[in-house]
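Read left to right, the sequence shown gives residues 1 to 275 (full-length UniProt numbering). What follows is a single structure, written as structure tokens, with notes after it.
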Amino acid sequence: MTGGTFLVTGATGRLGPATVAALAARGDRLLLTGRDPARLARLADEVGVPGRVETFVADPSDPTDAQRAAAHAVERFDGLTGLVHLVGHFVPGPLMLTDVGDYRTLMDDNFLSAVVATQAVLPHLGAGGRLVYFTSPLVAEPLAGLSAYAASKAALTTWVRSVAHEVKGRGIHANAVSLTIADTPAMREERPGIDLDHTVRPEHVAYAVRFLTGPESEGMYGAVVPVHGRFGFSSALAGGPPAAAARRPDVAPAAPAARPAPVGRPDAALAGRPA
1 MTGGTFLVTG
11 ATGRLGPATV
21 AALAARGDRL
31 LLTGRDPARL
41 ARLADEVGVP
51 GRVETFVADP
61 SDPTDAQRAA
71 AHAVERFDGL
81 TGLVHLVGHF
91 VPGPLMLTDV
101 GDYRTLMDDN
111 FLSAVVATQA
121 VLPHLGAGGR
131 LVYFTSPLVA
141 EPLAGLSAYA
151 ASKAALTTWV
161 RSVAHEVKGR
171 GIHANAVSLT
181 IADTPAMREE
191 RPGIDLDHTV
201 RPEHVAYAVR
211 FLTGPESEGM
221 YGAVVPVHGR
231 FGFSSALAGG
241 PPAAAARRPD
251 VAPAAPAARP
261 APVGRPDAAL
271 AGRPA
């Protein structure tokens, strides 16, 4: 698997630079796709391996664009090993304040774009092929105010597991990385109160991708690899951990509500919650 060829969709997104750098360092050949040619060019220049990292402007929702990108990768690099699908979108909001259009956008970006990319790539893959996607722990434990995002990732996760059964007979691996919040410049700007000690470094996410696209993941089909950092579902995923609020002079930390001692709840201590 070392020195494989991968189509990286959504490469100009937040996880693109670290993921591309990790795969290129292994010696992989990469075709990076995205909508913005200038950002694609900058990313390829930053990696600094001419001839092994190239770009292709494509709309991730357009099947024709996806097929052209896959065909270009095959022609340029004489084959294709797999797909790393980084396309994704996040829109929070309570049910009654989330427009149906936001639900459609999230389904398009987080789920259907993966279908489009996979249908384009799969005909070119043989035994040992790798398909890698991104999902969320909200699939297993959705939170209030995140129903649209959680639903789109749930659709993706179920689909990945189904696809894994379809393709494993050909020796092709379809797996996913489950991610909370990565520490990127854009994230810091959007959520200035977040406790950065809880976040995941982009390089650590990239290591998981490199694992799932390499020989170390042999035998894994339909797996979801968690890269969650230190987040708990009562912390930053629901609006910011208490420690972060305490450090902000404009936010007074809320006093914990009195609650009865749990009876028969051994999981309370394990989860780090007050007993």
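Ideal placement from N, C-alpha and C gives every residue a C-beta, glycine not left out.
By the three-class DSSP mapping on this structure, what secondary structure does Leu146 have? Your numbering for residue 146 matches position 146 in the sequence shown. Coil.
Stretch pair the region 89-99 + the region 47-59: three plus CB contacts closer than 8 Å: no
Do the region 34-41 and the region 159-168 make contact, defined as three or more Cβ pairs closer than 8 Å? no
Can the beta-carbon of Asp28 be found less than 7 Å from the beta-carbon of Phe6? Position 28 of the sequence shown, counted from the start, is the residue given in the question as residue 28. Position 6 of the sequence shown, counted from the start, is the residue given in the question as residue 6. Yes, these two residues count as a Cβ contact at 7 Å.
Three CB pairs or more closer than 8 Å across the region 121-132 and the region 163-177: yes
At the level of alpha carbons, what is the spacing between Thr9 and Ala69? What you label residue 9 is simply residue 9 of the sequence shown in a count that begins at 1. What you label residue 69 is simply residue 69 of the sequence shown in a count that begins at 1. Straight-line Cα distance between these residues: approximately 9 Å.
Residue 276 in three-state terms, based on DSSP: The structure shown has nothing for residue 276, since the chain only spans 1 to 275.
Which one of Val91, Leu31 and Leu40 has the shortest CA to CA distance from Gln67? For the purposes of this step, residue 67 is identified with residue 67 of the sequence shown, where counting begins at 1. The candidate whose alpha carbon is nearest that of Gln67 is Leu31.
Which class does Val160 belong to by DSSP, given the choice of helix, strand or coil? Here residue 160 refers to the residue found at position 160 of the sequence shown. Correct three-state label for Val160: helix.
Three-state class that DSSP yields for Ala117 in the structure shown: Position 117 of the sequence shown holds residue 117. Helix, per DSSP.
Rounded to the nearest angstrom, what separates Ala206 and Asp45 at their Cα positions? Reading the sequence shown from its first residue, position 206 is the one you call residue 206. Reading the sequence shown from its first residue, position 45 is the one you call residue 45. The alpha-carbon atoms of Ala206 and Asp45 are separated by roughly 19 Å.
Output needed for Thr199: all residues of its chain with C-beta closer than 6 Å, excluding positions within five of it in sequence on either side, in chain order. Within the sequence shown, numbered from 1, the residue matching residue 199 stands at position 199. The residues are Ile181, Asp183 and Gly229.
Quick check on Ala11: does DSSP put it in helix, strand or coil? Taking the sequence shown and counting its residues from 1, the one referred to as residue 11 is at position 11. Ala11 falls in the coil class under three-state DSSP.
With 16 as the cutoff for other CB atoms within 10 Å, does Val100 come out buried or exposed? By 1-based counting over the sequence shown, the position of residue 100 is 100. Burial call: exposed.
Whole angstroms are fine: how far does the CA of Ser136 sit from the CA of Glu203? Here the question's residue 203 lines up with position 203 in the sequence shown. Here the question's residue 136 lines up with position 136 in the sequence shown. Their backbone Cα atoms lie some 18 Å apart in a straight line.
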